[in-house]
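In the numbering used here, the protein residues as written are 1 to 213. To start, the structure under review is shown below, and the notes come after it.
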Amino acid sequence: MKLFFQLALVFALSFSFSCNLHYFSIANRNSDNSNTGEILMQGKIRFNLIRSEEAAKPNLYNSPAVEYELAKSKLFGLSKTSKLDLTYTTSTGMNHAGISALLFLLTLGIFPSFEESHSNVTFALYDRDSRKIIRDYTYPIRGRRIISWLTIPFYLVLPIVSKSFDGGINDTTSSASIRLLVESFEADVIKDCKENPELLQKFQTLSKELMEL
Numbered sequence: 001m002k003l004f005f006q007l008a009l010v011f012a013l014s015f016s017f018s019c020n021l022h023y024f025s026i027a028n029r030n031s032d033n034s035n036t037g038e039i040l041m042q043g044k045i046r047f048n049l050i051r052s053e054e055a056a057k058p059n060l061y062n063s064p065a066v067e068y069e070l071a072k073s074k075l076f077g078l079s080k081t082s083k084l085d086l087t088y089t090t091s092t093g094m095n096h097a098g099i100s101a102l103l104f105l106l107t108l109g110i111f112p113s114f115e116e117s118h119s120n121v122t123f124a125l126y127d128r129d130s131r132k133i134i135r136d137y138t139y140p141i142r143g144r145r146i147i148s149w150l151t152i153p154f155y156l157v158l159p160i161v162s163k164s165f166d167g168g169i170n171d172t173t174s175s176a177s178i179r180l181l182v183e184s185f186e187a188d189v190i191k192d193c194k195e196n197p198e199l200l201q202k203f204q205t206l207s208k209e210l211m212e213l
């Protein structure tokens, strides 16, 4: 019996590194970036990015991966001397696999192990001089991680057809959710700037002050 559980553990660990499927959903997600070009004609929105450390251990959203994705943005530009500050804060909780993890071990990776995460990410844009919030955006995100041999066909196909799916070792290595998060942030900023041209002008003014230094 002891040997059986040792083998089960070895198999389970090997499966967990190759048979992960992640699904992420963002509440009230806005993905319409159709006005990006119009705004970019006036230059990128440049800001100094400040990450607020979460008390618990590092997680998917409170990580340099978010900064990397923002740096790739067509709409935003990062600069430590910008007069526009962007802070982002996170809170994350996990619902662990429980009984499904035990069944996963007993069936040598055939019965799926399920884990869920629930996070909130807030982006807040500040005027550096006045320290007043110009706009803030909060995104509730749910994540689901499934580990099983049965996920392999979905792992290969679903990330191709949907941005909400990804594979990886664990919840701290998947990039799909970060892409969704930044795309939603871009779309919301574009939407607000389109509805309020004075807001765009304020963002651009702060950016122009940076470029004239």
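Cβ atoms here follow ideal geometry from the backbone N, Cα and C, with glycine treated the same way.
- With 16 or more other Cβ atoms from the protein chains shown falling within 10 Å of its own Cβ, Lys83 counts as buried.
- Cβ atoms of Thr87 and Tyr126 come within 8 Å of each other, at about 7 Å.
- Assignment of beta-bridge partners to Tyr139 by DSSP yields Val121.
- Asp85 is not a Cβ neighbour of Phe24, given a cutoff of 8 Å.
- Between Ile178 and the set Ile26, Asn20, Leu21, the nearest pair of CA atoms involves Ile26.
- In the DSSP annotation of this structure, the continuous segment of the beta strand (DSSP E) that includes Ser91 starts and ends at 84-95.
- For Gly93, the CB contacts under 6 Å within the same chain, skipping 5 residues up- and downstream, are His118 in chain order.
- In the three-state reduction of the DSSP assignment, Phe114 falls in the strand class.
- Taking every protein chain shown into account, the CB of Asp129 has fewer than 16 other CB atoms within 10 angstroms, so this residue is exposed.
- Between Asn20 and Gly167 the beta-carbon gap is near 5 Å, inside 8 Å, which marks them as a contact.
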